[in-house]
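Comments concern the structure below.
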Amino acid sequence: MARIRVDLSAEPIASEVRKRYDLLAQIADEMLRGGTLDPAEIALDEEHLARVVEGYYLMSEAYKWDKLKHSVAAPKLTEPSKKAAFTALSIMTFRPLRRLDPMRELHHELSPVANETLIMEAAGTFMSREFLQLGWEMQRRLFRWLDCVGVRCLSGYINDQSDGLLRPVYEIDLDDDLAVIDAAILIFESPLR
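The following block contains the structure:
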């Protein structure tokens, strides 16, 4: 696959980035205020959430346009399982839910898996399913997989963010990440129990 150019400042992506940020911020806020997570232990890092959303769109748009090259169909809205998969990969890359005090022992059972829990809540929103209602063993396996998964295609974006550079356009090469992306899509497409 060739490198695919993605412009985060172009419409409709720019407005979708803001909407997705607001949705994920709302889900995280509800988790913290509603008791799913303990706000005395975990907080939302808004800068990292912005990176999550931009990373999502960089991967999603590159994936969509790569698939379009091999098809005659026009690009369509991203399917719910793909939204869940790209959200999962991006959340685990940037981990927007952070421990307030890394030296303090965590007492809430979901605090150690706060970002994975955010993924399950977001996936449930996209797919109209209750992923947190999965059996504990299935959740444990899924959380373990999520914790070790990573994508290389966002390394240029990550480096720029670390250096304080804010570019609207990135060239994304998904070649090294297609197996991970497809596995994530399959996981969310499957009838998890």
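Residue numbers are given in this note's numbering: position 80 of the sequence shown equals residue 80, and the series is strictly consecutive.
Heads up, the beta-carbon is just placed ideally off N, CA and C, and yes, glycines get one too.
No experiment lies behind these values; they were computed from the predicted model shown.
*Roughly how many angstroms separate the alpha carbons of Asp147 and Asp101, rounded to a whole number?*
Here residue 147 refers to the residue found at position 147 of the sequence shown. Here residue 101 refers to the residue found at position 101 of the sequence shown. Asp147 and Asp101 have their C-alpha atoms roughly 20 Å apart.
*asked:* Let me make sure I understand the geometry here. Which of Gly156, Tyr157, Arg129 has the alpha-carbon closest to that of Phe188?
replied: Translated into positions along the sequence shown, residue 188 becomes position 188. For Phe188, the closest C-alpha among the options Gly156, Tyr157, Arg129 is that of Arg129.
*asked:* If I follow the unbroken alpha helix (DSSP H) through Leu24, where does it start and stop?
replied: If you number the sequence shown from 1, residue 24 lands on position 24. Per DSSP, Leu24 belongs to the alpha helix (DSSP H) from 13-34.
*For the segment 89-99 and the segment 114-122, state whether three or more C-beta atom pairs, one from each stretch, are separated by less than 8 Å.*
When Cβ pairs closer than 8 Å are counted between the two stretches, the segment 89-99 is seen to touch the segment 114-122, the count reaching three or more.
*asked:* I believe Glu30 touches Arg99 by the beta-carbon criterion, under 8 Å. Please report the beta-carbon distance rounded to the nearest angstrom.
replied: The sequence position of residue 30 within the sequence shown is 30, counting from 1. The sequence position of residue 99 within the sequence shown is 99, counting from 1. That belief does not hold up - the Cβ atoms of Glu30 and Arg99 are roughly 19 Å apart, past 8 Å.
_Range covered by the alpha helix (DSSP H) that runs through Glu213_ = Shown here, the chain extends from 1 to 193; a query on residue 213 therefore has no answer.
*Return the residue from the list Ser15, Met59, Ala43, Pro12 that minimises the CA-CA distance to Ile27.*
Position 27 of the sequence shown, counted from the first residue, corresponds to residue 27. Residue Ala43 is the option with its Cα nearest to Ile27.
*When the distance is taken between beta carbons, is Leu8 closer than 9 Å to Val169?*
Residue mapping note: residue 169 aligns to position 169 of the sequence shown, counting from 1. Residue mapping note: residue 8 aligns to position 8 of the sequence shown, counting from 1. Yes; because the gap between Cβ atoms is below 9 Å, this pair is in contact.
*Lys64 to Glu79, Cα distance in whole Å?*
Taking the sequence shown and counting its residues from 1, the one referred to as residue 64 is at position 64. Taking the sequence shown and counting its residues from 1, the one referred to as residue 79 is at position 79. Lys64 and Glu79 have their C-alpha atoms some 11 Å from each other.
*For Ala88, does the three-state DSSP call read helix, strand or coil?*
Looking up residue 88 in the sequence shown gives position 88. Three-state result, Ala88: helix.
*asked:* I need the DSSP call for Glu61, collapsed to helix, strand or coil.
replied: Here residue 61 refers to the residue found at position 61 when the sequence shown is read from its first residue. Looking at Glu61 - three-state DSSP - the assignment turns out to be helix.
*Nearest candidate by alpha-carbon position, reference Cys153, set Lys83, Ala62, Gly34, Ser162*: One-based indexing of the sequence shown puts residue 153 at position 153. Comparing Cα-Cα distances from Cys153 to each of Lys83, Ala62, Gly34, Ser162, the minimum goes to Ala62.
*Can you tell me the Cα-Cα spacing of Pro112 and Val6, whole angstroms?*
Sequence index remark: in the sequence shown, residue 112 carries index 112 (1-based). Sequence index remark: in the sequence shown, residue 6 carries index 6 (1-based). Each residue's alpha carbon lies about 34 Å from the other.
_According to DSSP, is Ala43 part of a helix, a strand, or is it coil?_
On the sequence shown, position 43 is the one that residue 43 refers to. The three-state reading of DSSP puts Ala43 in strand, counting E and B together.
*Glu105, enclosing beta strand (DSSP E) - first and last residue*: Numbered from its first residue, the sequence shown carries residue 105 at position 105. Premise fails: Glu105 is in no beta strand (DSSP E) and is neither H nor E.
_Pull the bridge partners of Tyr157 from the DSSP assignment, please._
Start at 1 with the first residue of the sequence shown, and residue 157 comes out as number 157. According to DSSP, Tyr157 bridges with nothing at all.
_Could you give the first and the last residue of the continuous beta strand (DSSP E) run that contains Val6?_
Here residue 6 corresponds to residue number 6 of the sequence shown, with the count starting at 1. Taken as a continuous stretch (DSSP letters only), the beta strand (DSSP E) holding Val6 covers 4-7.
*Which of the three DSSP states, helix, strand or coil, is assigned to Glu137?*
Along the sequence shown, one-based indexing puts residue 137 at 137. Here Glu137 carries a helix assignment [DSSP, helix/strand/coil].
*Is it buried or exposed for Val18, if we count other Cβ within 10 angstroms and need 16 for buried?*
Here residue 18 corresponds to residue number 18 of the sequence shown, with the count starting at 1. Note that residue 18 corresponds to Arg in the displayed sequence, not to Val. Arg18 sits exposed, since fewer than 16 C-beta atoms from the chains shown fall within 10 Å of its C-beta.
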